[in-house]
Each structure stands twice: as C-alpha cells, then as structure tokens.
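K.L.:
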Amino acid sequence: MKRLLSRDDTPLPAPPYTMLAQIYDQIMLHVNYPRWARYIHALLKAERCRPEMPLLDIGCGTGRFLEEMQRFGYYGDGC
Numbered sequence: 002m003k004r005l006l007s008r009d010d011t012p013l014p015a016p017p018y019t020m021l022a023q024i025y026d027q028i029m030l031h032v033n034y035p036r037w038a039r040y041i042h043a044l045l046k047a048e049r050c051r052p053e054m055p056l057l058d059i060g061c062g063t064g065r066f067l068e069e070m071q072r073f074g075y076y077g078d079g080c
C-alpha cells in the first residue's frame, strides 16, 4: 500500500481512486453486470431511448457497467 503521509506527516498527493480501484472489482464480484445491463437496456428501450443517445454513469466505479452497455451499442461516460 502506498504511503499517504510524508516523513513529517504532511499529506502527499495521490491520484484519485488509484488505491481503491485496485480492489474495487474484487469487492463488487457479487454484482451481475451483464444482467444489470440487460435490465437497464430493457428500461431504456421501453422509454424509446436509442443506443446512439449517450449515457452518463454517475458512480461508475471501474466502468464495468458501461462496458456491458457497449454490447448493446450504447456509449457514454462515467464519473
């Protein structure tokens, strides 16, 4: 694990999310992303949303949900 404090205990900069991203997918193994994507795709289709309309995944973690949505032709950004 990276040290977040210098020798004199002043904070050191760390790139956002880098430490948690290393284990995030392990923590989220219980999530069935393909099934979740099929469900959201069905909801969007029922609302007449088309894959060429961009998606915004707020709280996207490592982006696995967006990867699954790409299988249906969607594209977008995560934050």
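Numbering (the working numbering), first residue to last: 2 to 80. Beta carbons: idealized from backbone N, C-alpha and C, even for Gly. Since the model is a prediction, treat every value here as computed from it, not as a measurement.
Rounded C-beta distance between Gly77 and Pro55? I'm assuming under 8 Å.
P.N.:
With a Cβ gap of about 5 Å, Gly77 and Pro55 count as contacting.
K.L.:
Exposed or buried, which one is Leu67 when buried takes at least 16 other CB atoms within 10 Å?
P.N.:
Result: buried.
K.L.:
With H, G and I counted as helix, E and B as strand and the rest as coil, what does DSSP make of Leu30?
P.N.:
Three-state result, Leu30: coil.
K.L.:
Of all the beta strand (DSSP E) runs that stay within the bounds of the segment 24 to 78, which reach a length of 3 or more residues?
P.N.:
Whole beta strand (DSSP E) segments, 3+ residues: 56 to 58.
K.L.:
Pairs of beta-carbons, one from the segment 30 to 50 and one from the segment 60 to 75, closer than 8 Å: are there three or more?
P.N.:
As far as the Cβ criterion goes, the segment 30 to 50 touches the segment 60 to 75, which means the pair count is three or higher.
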